[in-house]
Amino acid sequence: MTQWLSILEISATIIGAIYMYLEYKAKYALWYVGLVWSILYVYLFWEQGMISWAITWIYYFFANVYGIFAWRNEKGETNEPPTHIKKSWIIPFFVITAILMVPLFFLEVIYNPHAGNMWLVFSTVFSTAIGFTGMFLLAKKVVEQWFVWIVVNFIYVVVNLYTGFADSKPTHYFTVLLFATYTVISFLGYVRWKKMAAVADKN
Numbered sequence: 006m007t008q009w010l011s012i013l014e015i016s017a018t019i020i021g022a023i024y025m026y027l028e029y030k031a032k033y034a035l036w037y038v039g040l041v042w043s044i045l046y047v048y049l050f051w052e053q054g055m056i057s058w059a060i061t062w063i064y065y066f067f068a069n070v071y072g073i074f075a076w077r078n079e080k081g082e083t084n085e086p087p088t089h090i091k092k093s094w095i096i097p098f099f100v101i102t103a104i105l106m107v108p109l110f111f112l113e114v115i116y117n118p119h120a121g122n123m124w125l126v127f128s129t130v131f132s133t134a135i136g137f138t139g140m141f142l143l144a145k146k147v148v149e150q151w152f153v154w155i156v157v158n159f160i161y162v163v164v165n166l167y168t169g170f171a172d173s174k175p176t177h178y179f180t181v182l183l184f185a186t187y188t189v190i191s192f193l194g195y196v197r198w199k200k201m202a203a204v205a206d207k208n
């Protein structure tokens, strides 16, 4: 089982790297790659007892399905430029995040093997909750979605470093490397998407 999980984690890392490149370039194909990536991490996080993250990636799977249709315009084209977040979305974003954290917290306390570590539980729950709203912003092709992924990816790095060391699972470090890279790409992606939105506004 351990060897099988190692193979899956390495595969998820490779597929995740492809996904990151496609998201950075704002390529439509990211949604199809995201479907496969989501399935792998649902299984991996479930096996590790990271219930909130497993639930997150189940949601990501369906969000990828939604994204396939959301990025198409009425003519069936997929090259719509990114846009900035609507001000009316900001308060609901934080409210929904806070509401989601409540049931997720109880799930983590019950099922997470590291439930005694409250900072880890809170980090997992918080990253899950904002990941839900962040995926919605990505599906809407919103520039500011990158801010969400900067936070989420950094938390993934820290938590997987901790659990990899605590559980003696060196393959966790493939996930650490992946999301550390994703954190950097998130900064670069924000700059790129912001420029793309600015060009579209001028036209």
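Each residue of the sequence shown is one higher than the one before, starting from 6 at the first, in our numbering. Ideal placement from N, C-alpha and C gives every residue a C-beta, glycine not left out.
1) For Val148, which residues of its own chain have a beta-carbon under 6 Å away from its beta-carbon, when the five flanking residues on both sides are left out?
2) Are the CB atoms of Ala34 and Leu45 nearer to each other than 9 Å?
3) Tell me whether Ile56 is buried or exposed, calling it buried when 16 or more other Cβ atoms sit within 10 Å of its Cβ.
4) Apply the 10 Å Cβ neighbour rule to Val107 and answer buried if 16 or more other Cβ atoms are within range, or exposed otherwise.
5) In or out: Trp124 buried (at least 16 other Cβ within 10 Å) or exposed?
6) Given that a residue counts as buried once 16 or more other Cβ atoms are within 10 Å of its Cβ, and exposed if not, what is Ile20?
7) Who are Thr88's beta bridge partners in DSSP?
8) Could you tell me whether the Cβ atoms of Lys146 and Glu52 are closer together than 9 Å?
9) Just tell me which of Phe111, Ile95 and Trp36 has its CA closest to the CA of Val126.
10) DSSP state of Arg77, grouped into three classes?
11) Looking at C-beta atoms only, is the number of pairs between the stretch 181–190 and the stretch 125–141 that lie closer than 8 Å three or more?
12) Helix, strand or coil, according to DSSP, for Ala171 in the structure here?
13) Enumerate in chain order the residues of its own chain whose CB-to-CB distance from Gly194 is below 6 Å, with the five nearest sequence positions on each side excluded.
For this structure:
1) Residue numbering aside, residue 148 sits at position 143 when the sequence shown is read from its first letter. Correct list, in chain order: Pro87, His89, Trp198, Lys199 and Ala202.
2) Numbered from its first residue, the sequence shown carries residue 34 at position 29. Numbered from its first residue, the sequence shown carries residue 45 at position 40. The Cβ atoms of Ala34 and Leu45 do not sit closer than 9 Å to each other.
3) On the sequence shown, position 51 is the one that residue 56 refers to. Result: buried.
4) Mapped onto the sequence shown, residue 107 falls at position 102. Classification for Val107: exposed.
5) Within the sequence shown, numbered from 1, the residue matching residue 124 stands at position 119. The residue is exposed, with fewer than 16 neighbouring Cβ atoms inside 10 Å.
6) Residue 20 sits at position 15 when you count from the first residue of the sequence shown. Ile20 is classed as buried because its beta carbon has at least 16 other beta carbons within 10 Å across all chains shown.
7) For the purposes of this step, residue 88 is taken as the residue at position 83 of the sequence shown. Answer is Val147.
8) Stepping through the sequence shown from its first residue, residue 146 is reached at position 141. Stepping through the sequence shown from its first residue, residue 52 is reached at position 47. Contact annotation: Lys146 and Glu52 have beta-carbon atoms that are not nearer than 9 Å.
9) Within the sequence shown, numbered from 1, the residue matching residue 126 stands at position 121. Comparing Cα positions, the closest option is Phe111.
10) Residue 77 sits at position 72 when you count from the first residue of the sequence shown. DSSP, read as helix, strand or coil, puts Arg77 in coil.
11) Verdict: no, contact absent.
12) What you label residue 171 is simply residue 166 of the sequence shown in a count that begins at 1. In this prediction, Ala171 has a pLDDT of 49, which is less than 50 and means its spatial position is unreliable; what the coordinates show is noted afterwards. Ala171 sits in a helix when the DSSP states are folded into three classes.
13) Residue numbering aside, residue 194 sits at position 189 when the sequence shown is read from its first letter. Hits under 6 Å: Tyr29 and Trp151.
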